[in-house]
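J.:
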Amino acid sequence: MEAKHVYKSYGKPKVKKGEICDDAKLVVEAVRDVSLQIRKGDIKLIFGPSGSGKSTFLRCLAMLDIPDKGQIYLGDEELTKPGVDLNKARARIGFVFQHIYLFRHLTALGNVELALRKVLKLPKEEARKRALDALTDVKVGDCVNKYPSQMSGGQAQRVGIARAIVRNPDIILLDEPTSALDPELTGEVIDTLRDLAKEGTTMLIVSHEMPFAREVAEEMISFDEGRILETGPPSQFFNAPNTDRAKRFMDRIIKRTTRE
Amino acid sequence: MTLSISIISFLIGIVIGLPLAFIRVYEKEASFIVDAYEKILRGIPEIVLLLLFFFGLGPIFPFPFGTPFFVACFVLGLRSSANQSQIYRGAIRGVGDEQMIAGMSVGFSKWRAIWYIMIPQVFNLSTAGLGSEYALLIKDSAYVYVIAVADLMYSAVHLAGAPPYDRVTPYVLSAALYIALTFPIAFWLDRRGSRRKKQIGL
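Taken in order, these protein sequences are the chains called E and L.
Under the numbering used here, the final residue of the first sequence carries the number 269; numbering is consecutive throughout.
Under the numbering used here, the final residue of the second sequence carries the number 212; numbering is consecutive throughout.
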């Protein structure tokens, strides 16, 4: 019997960035009343138009942004409660960024090792071994001593994935991991994600890669203007979405991503 | 003496200036205080500060403010910290917020992320500014002669005022010595900085 990782959150009107437009101050509500549950072993995919709040929501889940209202749970623990040790919680969450954000001053190995040594406080040899294993798993073994500036985008993003998984987190959140990459480099990263999925990693991915979504995601969630529009298995979206907006979006995006 | 004052002041500058810079960038409430500190310390000429502390606080607290060496290091150190805070602030912005967020995504607290991820990169980006700050310190250390610290300037002035009353050579010599002190370090810092920058692609 498996322990359930109920990862539940309600994000209610979230006041995000205040943009100054002429003399009026516009407040952008990025995430409005979003609730989502993801259990251990689930692989879910979020998609939707730009600005629909997907990335903001993902960052809230990792408490990299703090929601204005609502609660976020990791297992039984409520992360939005005041006084919670967010750092410990974030150490149980793996995050992969759209623009990768590797630590520039460290090699690939250094990037992956750092958290093992300084957050989990593992001894040097064990940290090194785990880091090397993670890097070989994502197939960038030859980049181990390279600096981020010396790698291709695909390699760098895979190092980013290694950095996220090496701590054996409870869940991995990926924010458009391939959006900043060329189509050729995208493939490498997708392969890695496919491998992760096969191993049963709990993943929540924001992405536009529809072919990948169809193959790997168990459930797809569409976002629009800060709310969840529709959820369902991939077959629902690819064949007969319930909402009109989802249907139109799917048409457009399928045309775009299956052109390759 | 000149060297030791400069080095100590520089180190004081780092120890105080670096945290100040991060406070200014990352702690909104305290940043106003840091700003005031910087403006005050950079707005008053060193001579005034030196004389102020030495003759103002010296009589009240003979130890340590009666000691010329201490006052010299103290004043120059504080002033340097204000300058360095500015330098680091620019570098922090150059490194970028995303590095902080990436650090936190891995489980670091804000300050640990600063220590392990930001500071190495900030130093790397600051080498040019720090090089000139160091040169500045060596030059400005000349002021300490007004509170009778036996540094280079002091010797020069005294040599000029004593037989054979040659008022030119001592000053020319001291100028040459000052350049000798400032040039090598500034140059070396610059080179190391650009090499490392190229390596990590900043």
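Each residue gets a CB set at the ideal place from its N, CA and C atoms; glycine is no exception.
In angstroms, rounded to a whole number, what distance separates the CA positions of I24 of chain L and I124 of chain L?
T.: Here residue 24 of chain L refers to the residue found at position 14 of the second sequence. Here residue 124 of chain L refers to the residue found at position 114 of the second sequence. Cα to Cα, I24 of chain L sits roughly 15 Å from I124 of chain L.
J.: Identify the contact partners of D96 of chain L in chain E, using a Cβ-Cβ distance below 8 Å as the criterion.
T.: For the purposes of this step, residue 96 of chain L is taken as the residue at position 86 of the second sequence. First, the residue type needs correcting, since residue 96 of chain L is Gln and not Asp in the sequence shown. Correct list: empty, because the minimum Cβ distance to chain E is about 22 Å.
J.: Using a Cβ-Cβ cutoff of less than 6 Å, which residues in the same chain neighbour R172 of chain E once the five nearest sequence positions on both sides are dropped?
T.: Residue 172 of chain E sits at position 163 when you count from the first residue of the first sequence. Same-chain partners within the cutoff: N120 and V121.
J.: Does the beta carbon of S119 of chain L come closer than 8 Å to any beta carbon on chain E?
T.: By 1-based counting over the second sequence, the position of residue 119 of chain L is 109. S119 of chain L counts as touching chain E.
J.: Using 8 Å as the cut-off, can you tell me whether the stretch 248–255 of chain E makes contact with the stretch 44–62 of chain L, which would need three or more C-beta pairs spanning the two stretches below that distance?
T.: Touching, no.
J.: Consider the Cβ of V4 of chain E: report whether some Cβ of chain L lies at a distance smaller than 8 Å.
T.: With chain E represented from 10 up to 269, any question about residue 4 of chain E goes unanswered, as that position is not in the structure.
J.: Take A40 of chain L and list the residues in its own chain whose beta-carbon comes closer than 7 Å to its own, dropping the five residues that flank it on each side.
T.: Translated into the one-based positions of the second sequence, residue 40 of chain L becomes position 30. So the list reads I33, once near-sequence residues are dropped.
J.: At 7 Å on the CB atoms, spell out the chain L contacts of R137 of chain E, in chain order.
T.: Looking up residue 137 of chain E in the first sequence gives position 128. In chain order: nothing, as chain L lies at least about 17 Å away.
J.: Using a Cβ-Cβ distance cut-off of 8 Å, determine whether S115 of chain L contacts chain E.
T.: Mapped onto the second sequence, residue 115 of chain L falls at position 105. It does; some Cβ of chain E falls within 8 Å.
J.: For the alpha helix (DSSP H) holding T12 of chain L, just list the boundary residues, first then last.
T.: Working through the second sequence from its first residue, we reach residue 12 of chain L at position 2. Where T12 of chain L is concerned, the enclosing alpha helix (DSSP H) stretches over T12 to Y36.
J.: Following the continuous alpha helix (DSSP H) through R103 of chain L, name the residue where it begins and the one where it ends.
T.: Translated into positions along the second sequence, residue 103 of chain L becomes position 93. Looking at the DSSP string, the run of the alpha helix (DSSP H) that includes R103 of chain L is P78 to V105.
J.: Looking only at its chain, what residues have a beta carbon closer than 7 Å to the beta carbon of E197 of chain E, apart from the 5 residues adjacent to it on each side?
T.: Position 188 of the first sequence, counting from 1, holds the residue named residue 197 of chain E. For E197 of chain E, where only same-chain residues beyond five positions count, the Cβ hits under 7 Å are G163 and R167.
J.: Excluding sequence positions up to five away, which residues of its chain have a Cβ less than 6 Å from the Cβ of R202 of chain L?
T.: Taking the first residue of the second sequence as position 1, residue 202 of chain L is located at position 192. Within the same chain, R202 of chain L has no close Cβ partners at all.
J.: Show which residues of chain L have a CB atom less than 9 Å away from the CB atom of A117 of chain E.
T.: Taking the first residue of the first sequence as 1, we reach residue 117 of chain E at position 108. The contacting residues do not exist; A117 of chain E stays about 13 Å from chain L at best.
J.: With DSSP run on the structure shown, which of helix, strand or coil describes T240 of chain E?
T.: Counting from 1 along the first sequence, the entry for residue 240 of chain E is found at position 231. The answer is strand: DSSP assigns T240 of chain E an E or B state.
J.: Helix, strand or coil: which one does DSSP assign to V215 of chain E?
T.: Sequence index remark: in the first sequence, residue 215 of chain E carries index 206 (1-based). In the structure shown, V215 of chain E sits in a strand (DSSP, three-state: E or B).
J.: Where does I70 of chain L fall in DSSP's three states?
T.: Here residue 70 of chain L corresponds to residue number 60 of the second sequence, with the count starting at 1. Coil.
J.: Does the Cβ of P55 of chain L have 16 or more other Cβ atoms within 10 Å, making it buried, or fewer, making it exposed?
T.: Stepping through the second sequence from its first residue, residue 55 of chain L is reached at position 45. P55 of chain L is exposed by the Cβ-count criterion.
J.: Using Cβ-Cβ distances below 7 Å, what residues of the stretch 50–81 of chain E are close to chain L?
T.: Here the close residues are A71 and L73.
J.: For chain L, is any of its Cβ atoms less than 8 Å away from the one on L123 of chain E?
T.: For the purposes of this step, residue 123 of chain E is taken as the residue at position 114 of the first sequence. Yes, its Cβ sits closer than 8 Å to a Cβ of chain L.
J.: Output yes if chain L places a C-beta closer than 8 Å to the C-beta of A100 of chain E; else output no.
T.: The residue labelled residue 100 of chain E in the question sits at position 91 within the first sequence. It does; some Cβ of chain L falls within 8 Å.
J.: Could you tell me whether any Cβ in chain L is nearer than 8 Å to the Cβ of F106 of chain E?
T.: One-based indexing of the first sequence puts residue 106 of chain E at position 97. It does: the Cβ of F106 of chain E has a partner Cβ on chain L nearer than 8 Å.
J.: CA-CA distance, S244 of chain E and I102 of chain L?
T.: Counting from 1 along the first sequence, the entry for residue 244 of chain E is found at position 235. Counting from 1 along the second sequence, the entry for residue 102 of chain L is found at position 92. Roughly 47 Å separates the two Cα atoms.
J.: Does the stretch 122–131 of chain E come close enough to the stretch 97–112 of chain E to have 3 or more Cβ pairs within less than 8 Å?
T.: Touching, yes.
J.: Can you list, in chain order, the residues of its chain whose CB lies under 8 Å from that of A165 of chain E, leaving out five sequence neighbours each side?
T.: On the first sequence, residue 165 of chain E is found 156 positions in, with the first residue counted as 1. I109, L111 and P157.
J.: For the alpha helix (DSSP H) that contains D42 of chain E, what are its first and last residues?
T.: On the first sequence, position 33 is the one that residue 42 of chain E refers to. It is not in any alpha helix (DSSP H) - D42 of chain E carries neither H nor E in the DSSP assignment.
J.: So R176 of chain E packs on A124 of chain E, CB below 8 Å; how close in whole Å?
T.: To locate residue 176 of chain E, count along the first sequence from 1; it is residue 167. To locate residue 124 of chain E, count along the first sequence from 1; it is residue 115. 6 Å between Cβ atoms; contact.
J.: Name the residue from L:F42, L:L67 and L:V105 whose alpha carbon lies nearest to the alpha carbon of F80 of chain L.
T.: Working through the second sequence from its first residue, we reach residue 80 of chain L at position 70. Cα-wise, what sits closest to F80 of chain L is L:L67.
J.: Against chain L, does F258 of chain E count as a neighbour if the rule is that its beta carbon must be under 8 Å from one of theirs?
T.: Within the first sequence, residue 258 of chain E is the residue found at index 249, counting from 1. False, the Cβ-Cβ gap to chain L never drops below 8 Å.
J.: Identify every residue that forms a DSSP beta bridge with D184 of chain E.
T.: Looking up residue 184 of chain E in the first sequence gives position 175. In DSSP, D184 of chain E forms a bridge with E:V215.
J.: From the DSSP secondary-structure annotation, give me the bridge partner or partners of D233 of chain E.
T.: In the first sequence, counting from the first residue as 1, residue 233 of chain E sits at position 224. D233 of chain E pairs with E:R236.
J.: For the stretch 204–233 of chain E, list every residue whose C-beta sits within 7 Å of some C-beta in chain L, in sequence order.
T.: Per Cβ criterion, the list is empty.
J.: Using a threshold of 8 Å, state whether the C-beta atoms of V167 of chain L and I57 of chain L are closer than that.
T.: Counting from one through the second sequence, the residue named residue 167 of chain L turns up at place 157. Counting from one through the second sequence, the residue named residue 57 of chain L turns up at place 47. No; because the gap between Cβ atoms is not below 8 Å, this pair is not in contact.
J.: Assuming L51 of chain L contacts R89 of chain L (C-beta within less than 8 Å), just tell me the rounded distance between them.
T.: Along the second sequence, read from residue 1 onward, the residue named residue 51 of chain L stands at position 41. Along the second sequence, read from residue 1 onward, the residue named residue 89 of chain L stands at position 79. About 5 Å separates the two Cβ atoms, so the contact holds.
J.: Quick test of your reading: F66 of chain E and G169 of chain E, contact by CB under 8 Å. State the CB separation rounded to the nearest angstrom.
T.: Reading the first sequence from its first residue, position 57 is the one you call residue 66 of chain E. Reading the first sequence from its first residue, position 160 is the one you call residue 169 of chain E. In fact, because the Cβ distance is near 20 Å, the residues do not count as touching under 8 Å.
J.: In whole angstroms, what separates the C-alpha of R205 of chain L from that of F197 of chain L?
T.: Within the second sequence, the letter at position 195 stands for residue 205 of chain L. Within the second sequence, the letter at position 187 stands for residue 197 of chain L. Computed Cα separation, rounded: 13 Å.
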